[in-house]
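A.B. asks:
2 protein chains.
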Amino acid sequence: MPADVPAVAASPTQSRTKILDVIRASRTISRVELAQATGLTQATVSTVVRRLLVDGLVVEVGRGVSTGGKPRTLLRIEPTARYALGVQLAAEATIFVLADLGGATVSRWRRPALRDPEQAVEMIGAEVDGGIERAGVPRERVIGLGVVASGPQLAATGIALAPPAMTAWVDFPLRDRLEERAGLPVLLDNDATATAVGLYWADGVTAATTIAALFMGHGIGAGVLTGGQVYRGATNNAGEIGHVTVQLDGPPCWCGNRGCAELLGGTAATIERARQAGIDLGPADRPTLAAFGALARRALAGEPGPLAVVQHSARVVAVAAHTLVNVVDPDLLVLTGPAFAVAGPLYLPVVTEVVTGTRFARGSGPIAVRLSTHGPESAALGAAALVLQAELTPRGGDPG
Amino acid sequence: MPADVPAVAASPTQSRTKILDVIRASRTISRVELAQATGLTQATVSTVVRRLLVDGLVVEVGRGVSTGGKPRTLLRIEPTARYALGVQLAAEATIFVLADLGGATVSRWRRPALRDPEQAVEMIGAEVDGGIERAGVPRERVIGLGVVASGPQLAATGIALAPPAMTAWVDFPLRDRLEERAGLPVLLDNDATATAVGLYWADGVTAATTIAALFMGHGIGAGVLTGGQVYRGATNNAGEIGHVTVQLDGPPCWCGNRGCAELLGGTAATIERARQAGIDLGPADRPTLAAFGALARRALAGEPGPLAVVQHSARVVAVAAHTLVNVVDPDLLVLTGPAFAVAGPLYLPVVTEVVTGTRFARGSGPIAVRLSTHGPESAALGAAALVLQAELTPRGGDPG
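Protein chains in written order, with my numbering: chain U, 106 to 505; chain V, 106 to 505.
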């Protein structure tokens, strides 16, 4: 942002969030360094840190090297102070992550996919109880449960909008029912959005960055985080990059659009293309991500047919990534989700070339493109991170 | 935004901005109504309003209807308290707008396009002096000059990135030189971004809205405003919707990409397509927007050949608009800029159908699509609005 664009003053809540971000990213840091890194006054830093110590979210550890005068006490996040659970409702599995306040995964496990919301309430409730117990974490430190699914979007209290595979969930009061069963506050959100928040928490990305997470699983979606805040748009449906047209005269999509990126280069489209090319991926009813994984492994092994098919997908995905970057202008683009967890090495170079190639030609700023290290669990970890984020940036009152 | 997404607490600066927004949008409003409309406490409203009265930005006018108890004093913006100048450096003209604090255009005028930055400094400086004098506005109330051009982007101090037509401007210290010549603070920005801010100021759109302005002139760009703030991205290049691929196997573009929306459906592409179809648009070196205007008028008159060519463009633009909406998720999409100022009635139904059609199919929230009422001057008016916005949301200090 140019120097002449006015900044909005940070609120007390923003100061707290900023300070926590910097402590987390720095691992250990002194109050003086915190003031330097955040641009806040020492008085503000002291006030906020005092509160964080009282809340037990931050602890004092040892002494830093002094530059003269008395040695400085260092601060670090107390990771065991809070925990959050994240659940991803995916088409082929239900993925659970228990994360600590440092964004680290304490435990993770998988269960079969859920077809029915009543069954979901019961199963998730039982897994929450069992998972907390197995992990040996004090239940009172588990502050909530984040539940994410593919978009368009989970609404505040249930799945209001759904792709064809999840129509049974429409209008089911999932949040209320889960809160009642699990005895925890429940947040519902989009998987790609959660993934972006997870990157921010688990991968040490700081608030200054604008991050776009391109998520590829059954569908293709994106989450955007800027200044540590999720960009949500007016109806909480931002980042629907799977349903942008990449081929004007392409075939119609279920969404009502034509030539969508997901329709031409998503996992389902790619295994369909492979089968049409005579590549055997097992029975036709094999789950999409399993078949895609088989195709990707053969492509990674250098088998020409599978490689050509995956490269076609990579080109479509790269165009979608380029569109996302053009509109959102992130300085970090992360490829994440189960498809990239297996096939990422085939997609990364193509996406990087397309995204950075045009930026070079147009003289835009640098952008980093990388694979998530949390591919298969990135959305579930993100769901837990959403809960931590909500706890640490509490709903603000009137600042007066 | 769902109820369970934590809000960030408003800072004092945000409270001031919010209050000014509501006063402007309401024309007249009481303090009690302000508190209701903003969700701020009465104490905050009183404090902020007192400061706005002292600053002369707001005045008390008459009395409102009381609901019992003593009648309420009403507040309104004092439009003559501040003025700002906006200049758009377009390919075919230089457009000036002098706007008041209410966002109203006090005067507007045009000069020839500027090819050379030295000439620009001199001409703009002279026009600033002459324009203020002709308008009869006290010079000390003119708070600054906004200068906008097409992207990729004006940098803080000059045009660092430029499409081929403006390479002469690269690295020229435009801001510093203009500040020196005009004796006013100067802001540089992107025309589409400015247009979005102009909508917010001049069209009474309130801070709650996420607005996307799709700008079509020589190029195609977009500005996004959410909660009254410009969404800028990491390198100030957000909203580059003209250079997203809408045709995977389309021809290469100067930007390094292929099948870009602007390349296939922009004004230059459209007049080229018309000429290839044998439609006479005058000499080949006729300025692009003049030729496009001639084509559009014949299409509007119902001439089949021109109509088919413009409808092709409308379909490409609608796809770009759909992409923008999918990624940004606005609740208001405004078509603006000189191309829509002449051809808007041909584009609006196509864009509306594509954008709302898929939202209906996918069950997303409602979106309004409309034409700007400030088409030809929307970017220059926006440039002035950027200055007003910067004045009214001053760079915040540390809130403690």
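For each residue, glycine too, the CB sits at the ideal point set by N, CA and C. Predicted, not measured: the structure shown is a model, and the values here were computed from it.
Which residues of the region 336–349 of chain V have a Cβ closer than 8 Å to any Cβ of chain U? Give them in chain order.
C.D. replies: Under the 8 Å Cβ criterion, the region 336–349 of chain V contributes Y336, R337, G338, A339, T340, N341, N342, A343, G344, E345, I346, H348 and V349.
A.B. asks: Just to confirm the assignment, what range does the alpha helix (DSSP H) spanning A224 (chain V) have?
C.D. replies: One point to set straight first is that residue 224 (chain V) is Gln, not Ala, in the sequence displayed. Unbroken alpha helix (DSSP H) run through Q224 (chain V): P222 to A240.
A.B. asks: At least one CB of chain V closer than 7 Å to the CB of A466 (chain U): is that the case?
C.D. replies: Any answer about A466 (chain U) is weak, because its pLDDT of 49 lies below 50 and its placement is not dependable; what the coordinates show is given next. Closer than 7 Å: yes.
A.B. asks: So, does the region 177–191 of chain V touch the region 240–247 of chain V, judging by three or more C-beta pairs under 8 Å?
C.D. replies: Yes: at least three Cβ pairs fall under 8 Å.
A.B. asks: For P243 (chain V), name the three-state secondary structure that DSSP assigns.
C.D. replies: Looking at P243 (chain V) - three-state DSSP - the assignment turns out to be coil, as it is neither helix nor strand.
A.B. asks: Under 7 Å, do W214 (chain U) and A490 (chain U) count as touching if we go by C-beta distance?
C.D. replies: Going by C-beta atoms, W214 (chain U) is not nearer than 7 Å to A490 (chain U).
A.B. asks: Using 10 angstroms around the beta-carbon of A148 (chain V), count the other beta-carbons present and answer buried if the total reaches 16, otherwise exposed.
C.D. replies: Looking at its Cβ environment, which holds fewer than 16 other Cβ atoms inside 10 Å, A148 (chain V) is exposed.
A.B. asks: Distance cutoff 7 Å, beta carbons only. Does V474 (chain V) sit that close to anything in chain U?
C.D. replies: No, V474 (chain V) does not count as interfacial toward chain U.
A.B. asks: Measure from the C-beta of I124 (chain U) to each C-beta in chain V and report whether the shortest distance is under 7 Å.
C.D. replies: For I124 (chain U), the answer is no, since every Cβ of chain V falls outside 7 Å of its Cβ.
A.B. asks: Pull the bridge partners of I182 (chain V) from the DSSP assignment, please.
C.D. replies: Paired residue(s): V:V163.
A.B. asks: Extract the residue ranges of the beta strand (DSSP E) inside the region 432–471 of chain U, only unbroken runs of 3 or more that lie entirely within it.
C.D. replies: DSSP runs (the beta strand (DSSP E)) wholly in the region 432–471 of chain U: 437–441.
A.B. asks: Can you tell me which of the three DSSP states P357 (chain V) falls into?
C.D. replies: Strand at P357 (chain V).
A.B. asks: Just to confirm the assignment: which complete beta strand (DSSP E) runs, minimum length 3, are found wholly within the region 287–319 of chain U?
C.D. replies: Qualifying beta strand (DSSP E) stretches, in chain order: 291–295.
A.B. asks: Less than 7 Å between the beta carbons of T457 (chain U) and S418 (chain U), yes or no?
C.D. replies: Against a cut-off of 7 Å, the Cβ pair of S418 (chain U) and T457 (chain U) comes out as no contact.
A.B. asks: Is A198 (chain U) helix, strand or coil when you go by DSSP?
C.D. replies: Coil, per DSSP.
A.B. asks: How would you list, in chain order, the residues of chain U whose beta-carbon sits under 9 Å from the beta-carbon of R295 (chain V)?
C.D. replies: The residue you asked about is not Arg; residue 295 (chain V) is Asn in the sequence shown. The premise fails here: N295 (chain V) is roughly 11 Å from chain U at the closest Cβ pair, so nothing lies under 9 Å.
A.B. asks: On the DSSP bridge assignment, give the partners of L330 (chain V) in chain order.
C.D. replies: V:I316 and V:V335, per the DSSP bridge assignment.
A.B. asks: What did DSSP end up calling A379 (chain V) once you bin it into helix, strand or coil?
C.D. replies: The answer is helix: DSSP assigns A379 (chain V) an H, G or I state.
A.B. asks: From G449 (chain V) to V415 (chain V), what does the alpha carbon distance come to, in whole angstroms?
C.D. replies: Cα to Cα, the separation comes out at about 11 Å.
A.B. asks: How big is the Cα-Cα spacing for D294 (chain U) and D434 (chain V)?
C.D. replies: Cα-Cα distance, rounded: 15 Å.
A.B. asks: For the pair the region 217–229 of chain U and the region 277–297 of chain U, tell me if three or more CB-CB distances fall below 8 Å.
C.D. replies: The answer is yes - the region 277–297 of chain U touches the region 217–229 of chain U, with three or more Cβ pairs under 8 Å.
A.B. asks: Going by DSSP in three states, I384 (chain U) sits in which element: helix, strand or coil?
C.D. replies: In the structure shown, I384 (chain U) sits in coil (DSSP, three-state: anything other than H, G, I, E or B).
A.B. asks: Return no unless some Cβ of chain V is closer than 7 Å to the Cβ of Q416 (chain U).
C.D. replies: Chain V, which has no Cβ nearer than 7 Å to the Cβ of Q416 (chain U), makes this no.
A.B. asks: Starting from V159 (chain V), find everything on chain U with Cβ-Cβ shorter than 9 Å and list it in chain order.
C.D. replies: What V159 (chain V) touches in chain U: nothing, since even the nearest Cβ is about 18 Å away.
A.B. asks: Distance cutoff 7 Å, beta carbons only. Does Q352 (chain V) sit that close to anything in chain U?
C.D. replies: Answer yes: the Cβ-Cβ gap between Q352 (chain V) and chain U drops below 7 Å somewhere.
A.B. asks: If you draw a straight line from the alpha carbon of R391 (chain V) to that of G161 (chain V), how long is it in whole angstroms?
C.D. replies: Those two C-alpha atoms are separated by around 48 Å.
A.B. asks: In or out: V166 (chain U) buried (at least 16 other Cβ within 10 Å) or exposed?
C.D. replies: The residue in question, V166 (chain U), is exposed, as its Cβ has fewer than 16 Cβ neighbours within 10 Å.
A.B. asks: Could you pull the DSSP bridge partners for W214 (chain V) from this structure?
C.D. replies: In the DSSP output, where bridge partners are listed per residue, W214 (chain V) has V:F201.
A.B. asks: Once you ignore the five residues that flank L157 (chain U) on each side, which residues in its own chain have a CB closer than 6 Å to its CB?
C.D. replies: Counting only Cβ-Cβ distances below 6 Å, and skipping sequence neighbours, we find V163.
A.B. asks: Count the C-beta pairs between the region 397–406 of chain V and the region 421–430 of chain V that are closer than 8 Å, then say yes if the count reaches three, no if not.
C.D. replies: Touching, no, given that fewer than three Cβ pairs across the two stretches are closer than 8 Å.
A.B. asks: Would a C-beta distance cut-off of 7 Å place L412 (chain U) and L400 (chain U) closer than the cut-off?
C.D. replies: For L412 (chain U) and L400 (chain U), no; Cβs fall outside 7 Å.
A.B. asks: Is I264 (chain V) close to chain U, meaning its C-beta is less than 7 Å from at least one C-beta of that chain?
C.D. replies: The predicted model places I264 (chain V) with a pLDDT of 49, which falls under 50 and marks its position as unreliable; any figure quoted below should be read in that light. Not closer than 7 Å to any Cβ of chain U, the Cβ of I264 (chain V) fails to qualify, so no.
A.B. asks: Can you pull the chain U residues whose beta carbon is under 9 Å from the beta carbon of L412 (chain V), in chain order?
C.D. replies: Simply none; closest approach about 19 Å.
A.B. asks: Against P435 (chain V), what residues of chain A qualify as contacts under a CB-to-CB distance less than 8 Å, listed in chain order?
C.D. replies: The question asks about chain A, but that chain is absent: this structure's protein chains are U and V.
A.B. asks: Starting from V424 (chain V), find everything on chain U with Cβ-Cβ shorter than 9 Å and list it in chain order.
C.D. replies: What V424 (chain V) touches in chain U: V349, T350, L353, N362, R363 and G364.
A.B. asks: On the CB-based measure, 16 or more other CB atoms within 10 Å of its CB, does A260 (chain V) come out buried or exposed?
C.D. replies: The pLDDT assigned to A260 (chain V) is 46, lower than 50, so where the model puts this residue is not dependable; a value taken from the coordinates is nonetheless given after this. Buried: at least 16 other Cβ atoms inside 10 Å.
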